[in-house]
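Novice:
2 protein chains.
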Amino acid sequence: MILNTPSNRRKRGAQPADIAAGLQSDIVSGTLTAGQVLQQDRIAAQFGVSRMPVREALALLAARGLVDLTANRSARVAALTREDLIDIFDLRVAAETLAIRLALPQITNAQIDRAAALQAQIKASDVARFATLNSQFHQVLYAPCARPRLIAHIAQLALAADRYLRAIHAVFDYGDKSNLEHHALLSACHARDEAAAVACLERHITAARDVLADRMAQQD
Amino acid sequence: MILNTPSNRRKRGAQPADIAAGLQSDIVSGTLTAGQVLQQDRIAAQFGVSRMPVREALALLAARGLVDLTANRSARVAALTREDLIDIFDLRVAAETLAIRLALPQITNAQIDRAAALQAQIKASDVARFATLNSQFHQVLYAPCARPRLIAHIAQLALAADRYLRAIHAVFDYGDKSNLEHHALLSACHARDEAAAVACLERHITAARDVLADRMAQQD
DNA sequence: ATATCAAGCATTGGATACAATTTACTTCTT
DNA sequence: AAGAAGTAAATTGTATCCAATGCTTGATAT
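Quick mapping for you: the protein sequence lines, in order, are chains V and X. Read in order, the letters of the first sequence are residues 19 to 238 in our numbering. Read in order, the letters of the second sequence are residues 19 to 238 in our numbering.
#1: Taking three-plus beta-carbon pairs below 8 Å as touching, is the region 108-115 of chain V in contact with the region 101-113 of chain X?
#2: Are the CB atoms of residue 103 of chain X and residue 182 of chain X nearer to each other than 9 Å?
#3: How should residue 90 of chain X be labelled, buried or exposed, when 16 other C-beta atoms within 10 angstroms of its C-beta is the threshold for buried?
#4: Does the count of Cβ pairs from the region 118-137 of chain X and the region 194-206 of chain X closer than 8 Å reach three?
#5: Between which two residues does the beta strand (DSSP E) holding residue 95 of chain V run?
#6: With a threshold of 7 Å on Cβ separation, who are the neighbours of residue 163 of chain X within its own chain once the five nearest residues in sequence on each side are excluded?
#7: Could you tell me how far apart the beta carbons of residue 38 of chain X and residue 79 of chain X are, in whole angstroms, since I believe they sit closer than 8 Å?
#8: Compute the Euclidean distance between the alpha carbons of residue 33 of chain V and residue 71 of chain V, then round it to the nearest angstrom.
#9: Compare the C-beta of residue 31 of chain V with all C-beta atoms of chain X and state if any pair is closer than 9 Å.
#10: Between V:29, V:61 and V:31, which has its C-alpha nearest residue 40 of chain V's C-alpha?
#11: Please report the straight-line C-alpha distance between residue 178 of chain X and residue 105 of chain X, rounded to a whole angstrom.
#12: Is the distance from the Cβ of residue 101 of chain X to the Cβ of residue 165 of chain V below 9 Å?
#13: My parser needs the beta strand (DSSP E) runs of 3 or more residues fully inside the region 114-154 of chain X; what are they?
#14: Closer than 9 Å, Cβ to Cβ, to anything on chain V: give me those residues from the region 74-85 of chain X, in chain order.
#15: Which same chain residues end up closer than 8 Å to residue 223 of chain X when comparing Cβ atoms and leaving out the 5 residues on each side of it in sequence?
#16: Just how far apart, CA to CA, sit residue 93 of chain V and residue 83 of chain V?
#17: Classify residue 85 of chain X: buried if its beta carbon has 16 or more other beta carbons within 10 angstroms, exposed otherwise.
#18: Which residues share a DSSP beta bridge with residue 55 of chain X?
#19: Rounded to a whole number of angstroms, what is the C-alpha to C-alpha distance between residue 205 of chain V and residue 197 of chain V?
#20: Residue 132 of chain V: which of V:155, V:236 and V:31 sits nearest, CA to CA?
#21: By how many angstroms is the C-alpha of residue 142 of chain X removed from the C-alpha of residue 74 of chain X?
#22: Less than 9 Å between the beta carbons of residue 36 of chain V and residue 65 of chain V, yes or no?
#23: Look at the Cβ atom of residue 81 of chain X, then the Cβ atom of residue 209 of chain V, and state whether they are nearer than 9 Å.
#24: Under DSSP, the alpha helix (DSSP H) around residue 181 of chain V begins and ends at which residues?
#25: Less than 8 Å between C-beta atoms, sequence neighbours within five positions excluded: which residues of the same chain meet that for residue 126 of chain X?
#26: Using a Cβ-Cβ distance under 9 Å, would residue 71 of chain X count as near chain V?
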């Protein structure tokens with residue numbers, strides 16, 4: 019139980035963001051499962067605050083698509099469906115191929131090396147760290163495009179995608195394949211080969227989509 | 019001044035959405051200009067409610083990118099910049115070309131006719147109605163793809179784009195060109211020619227981007 | 001046995017009250 | 001006169017309180 023004692027109290031406008039971050043990590047990691055009710059009272063008690071900042075936190079999570087809000091009804095953790103999964107990954111292809119096209123002319127070798135270093139960590143990481151490191155790897159490559167909206171959109175999609183990755187436990191199935199694809203992407207970036215990078219990225223994301231979609235079809 | 023008398027009071031959870039809709043139309047139409055401060059007290063008084071639903075409304079608008087929120091500081095109407103404009107329109111190309119590709123195999127002739135009817139109205143409409151009709155025209159063509167996230171994302175981008183359209187008053191410059199492009203798009207849809215529709219849409223949105231970006235460069 | 005309705009309980013939405021932070025203004029110093 | 005510092009006013013963030021809505025349970029009728 020996290021209490022709001024004077025020692026660990028955050029600055030005045032930071033509580034909703036903190037609560038949202040806490041809930042978000044529980045939702046993405048699967049501690050809070052799809053469809054679970056999120057009562058304002060209980061969350062408020064958990065974080066040692068009143069219901070007011072909790073309501074704002076839930077609104078933030080609803081904007082990120084992690085929570086479903088209905089008027090006069092308890093909030094619920096958003097559902098995971100095969101249709102939504104496909105929706106997310108197709109949006110990722112559209113957004114991330116745009117980002118890599120815009121980023122490639124601006125990217126430096128140092129930035130590519132940073133991505134390569136992250137990829138090295140990914141190889142020797144467990145399931146929990148895979149998702150975040152994988153997101154970081156991609157975002158390092160896109161950052162040079164300097165498009166705030168595009169970057170924010172990709173980050174939001176990565177969050178939604180991570181939920182599926184963690185929930186479906188398909189990481190091991192396509193982990194090796196993903197590593198190979200990351201290396202191919204890095205090569206294309208080094209060569210500043212836009213067409214190759216775009217094609218590589220599209221295959222990479224589509225492959226993940228198909229593996230996960232197949233797994234979901236089995237589980238249902 | 020809109021009062022919250024029993025006669026026009028909305029249902030219990032609807033106030034934030036109503037307030038957000040009111041503010042949104044003022045922001046998009048330009049009644050509220052970029053950078054303008056939005057004090058919770060005043061808005062609450064205007065709508066005849068307390069500050070609480072106003073805060074939620076502002077949070078909604080912040081999620082849509084129409085308002086900037088900073089902790090302990092007054093909300094402000096989001097700025098209009100040339101960089102953001104380009105960001106938005108490039109995202110539109112990525113999202114809308116995906117939508118038309120997914121929609122084309124599903125679309126019916128009746129739906130295409132509905133879009134054509136909207137296009138006819140656009141020709142004989144003033145500046146204020148152009149933006150909304152134009153958005154509707156596009157969304158009718160995309161709807162058959164049946165992708166909730168994609169559709170919502172496009173709607174949000176259309177909103178952001180409308181602000182620039184109305185603020186920059188460049189509608190008349192490219193209105194005729196836009197009409198021609200809409201007809202070309204409709205033809206491609208009738209023929210179920212995916213490549214033509216995508217190319218047409220990309221040119222259409224990019225052309226609008228360039229006209230508006232040029233105008234902004236002049237105004238600054 | 002099942003469906004329907006009512007009453008009480010649980011939970012959310014909104015108003016009011018208070019605390020913390022920022023902004024504006026005044027005053028003092030150089 | 002310009003700038004710094006301090007103080008008061010304005011404004012936001014959080015807590016508490018009340019009203020409205022939804023949910024659950026149990027009784028009743030079919």
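C-beta: ideal position from N, C-alpha, C; glycine also.
Specialist: Quick answer:
#1: yes
#2: yes
#3: exposed
#4: The answer is yes - the region 194-206 of chain X touches the region 118-137 of chain X, with three or more Cβ pairs under 8 Å.
#5: 93-95
#6: Here the set comprises 117, 120, 121 and 124.
#7: 6 Å
#8: Straight-line Cα distance between these residues: approximately 6 Å.
#9: yes
#10: V:61
#11: When rounded, the distance between both Cα atoms is 11 Å.
#12: Yes, they are a contact pair.
#13: As far as the region 114-154 of chain X is concerned, it has no whole beta strand (DSSP E) run of at least 3 residues.
#14: From the region 74-85 of chain X, only 74, 77, 78, 80, 81, 82 and 83 have a Cβ closer than 9 Å to chain V.
#15: 107, 110, 111 and 114
#16: 12 Å
#17: Label assigned to residue 85 of chain X: buried.
#18: DSSP lists X:94 as partners of residue 55 of chain X.
#19: 13 Å
#20: V:155
#21: 38 Å
#22: It is a contact, given that the beta carbons lie within the stated cut-off.
#23: no
#24: 166-186 is the extent of the alpha helix (DSSP H) around residue 181 of chain V.
#25: 162
#26: Output row for residue 71 of chain X: interface = no.
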